[in-house]
Structures are given as C-alpha cells and as structure tokens.
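> Following my numbering, the numbering of the sequence shown begins with 120 at its first residue and continues without gaps.
C-beta: ideal position from N, C-alpha, C; glycine also.
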Amino acid sequence: MTTSVLVAYGTTNGSTAQIAEDIADVLRKDGLEADARDAATVTHPESYDAVVVGGGLYAGRWQKDARHFVRRHRDVLAERPVWFFSSGPLDASASEKEIPPVHGVKKAMDRLDAREHVTFGGCLQEGAKGFVARKIVASGKGGDYRDFTAIEAWADHIATELQGRVGEEQTR
C-alpha cells in the first residue's frame, strides 16, 4: 500500500506553490503518492494519509488560504501526520539558522500536534502582486532566496518518516 500525501499551499505570487511542487516531486521520487494543490481548492483532504501545509509569510502572518485550509480541515488534519512550512524571508537568514513559526502557525501546530515546521527563504520578483510587494521589489529588496537543496532534503526527511511509519504498521 502506497502512502498518499497532500501538499497544500497558500501563495500570492507563486513562490510557495513552486516550493510545494518541489516537495511533492521529491515525495513521488521517494515512492509516495503526492499531490501539490492550492489550499483554497482542496475540499477532501481525508483521502490522504498525510498532509504538508505551506504558506507564504506576509507581514508576520501565513497567507490567508493556508490559514483557512488549516482552520476548515482541522478535524481531518488532527487525525493524520502533518508538517508545516513557511516561505518568506527575503534574505539568506532561513538558510543560516532555524526560524521559528510565526504565532498563528505555532498555535495551529500545537492544536494539531504537527510533526515539524521549517521556514524557507522566499521569493519576490518583478511583477509581484500587491502594493507592498511591488514597493519591496522597487526598493531593491526583492529576490529569490529559496534553497531548493534544503527544501528537497526536508521532503526526503518527511518521506523517510512516513515510510518508517508504514513499515511499523505493517509489522503489527
């Protein structure tokens, strides 16, 4: 039996979606079934064995679709292994040190007994949506700070945990 994983994401400018797609690709390469889906479009997460939820960070909060997804499906998520990720710092800090989850994400993690949270660098480039985002890019403070090597290592870590969990269940 193959474990199925939903990688749900909330994104405004597409950067977090690309991270989620990369995570799903790695999980598939590791032998799991994985779907990366915009959190706003997910209606039945109960069909998945595990869930990864990611959101872009905007002014110290997770992107609204990620927040709403967790709130809307909290009962289902509480019954499954769940991991969270954030994307956002527009500098190298996420590659240099562990950045804790923002307050709202921490609360959700505690409620759901989430396995883990990681923050990845963000990406904000020319053509970004939103007044503040455009101002950040215009001021020269945008850029792409995603570390796909770290993202893929984290996805491998999740796959290893899930495969170990499946192995334990099969030996019972």
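Report yes or no: do three or more beta-carbon pairs, one from the stretch 222 to 235 and one from the stretch 254 to 264, lie closer than 8 Å?
no
> Just checking my contact of A269 with S214 at CB under 8 Å: how many whole Å lie between their CB atoms?
Indeed, because the Cβ distance is near 7 Å, the residues count as touching under 8 Å.
> Considering only residues of the same chain and omitting the five flanking positions on each side of G150, which have a CB-CB separation below 8 Å?
T121, A278 and Q282
> If you run the structure through DSSP and keep just helix, strand and coil, what is R291?
With a pLDDT of 37 at R291, under the threshold of 50, the predicted position of this residue should be treated as unreliable, though the coordinate-derived value follows. Note: R291 maps to coil in three-state DSSP.
> Excluding the 5 residues flanking R253 on each side, which residues of the same chain have their C-beta closer than 8 Å to its C-beta?
Within the same chain, Cβ atoms closer than 8 Å to the Cβ of R253 are found at A247, the five residues on either side in sequence being excluded.
> Less than 8 Å between the CB atoms is what I'm expecting for W181 and G129, so what's the real figure, rounded?
Their Cβ separation, rounded to whole angstroms, is 6 Å, which keeps W181 and G129 in contact under 8 Å.
> Given this structure, state the Cα-to-Cα distance separating V285 from L125, to the nearest angstrom.
Because the pLDDT of V285 is 48, which lies under 50, any placement of that residue in the model is unreliable, and the number read from its coordinates should be weighed accordingly. Distance between the alpha carbons of V285 and L125: 16 Å.
> Going along the chain, which unbroken runs of the beta strand (DSSP E) with 3 or more residues stay wholly within the stretch 211 to 259?
235 to 239
> I'd like to know whether the C-beta atoms of F188 and A127 end up nearer to each other than 7 Å.
yes
> Are the CB atoms of E165 and V195 nearer to each other than 7 Å?
yes
> Please determine, among R234, I255, V251 and G241, the residue with the shortest C-alpha to C-alpha distance to A169.
R234
> Between which two residues does the beta strand (DSSP E) holding R156 run?
E152 to D157
> Here's a check: name, in chain order, each residue in its chain whose Cβ is nearer than 6 Å to the Cβ of T135, leaving out the five neighbours to either side.
Y128, G173, G175 and S206
> For A197, report the span of its beta strand (DSSP E) as first-last.
Segment: none, A197 is in no beta strand (DSSP E) and carries neither H nor E.
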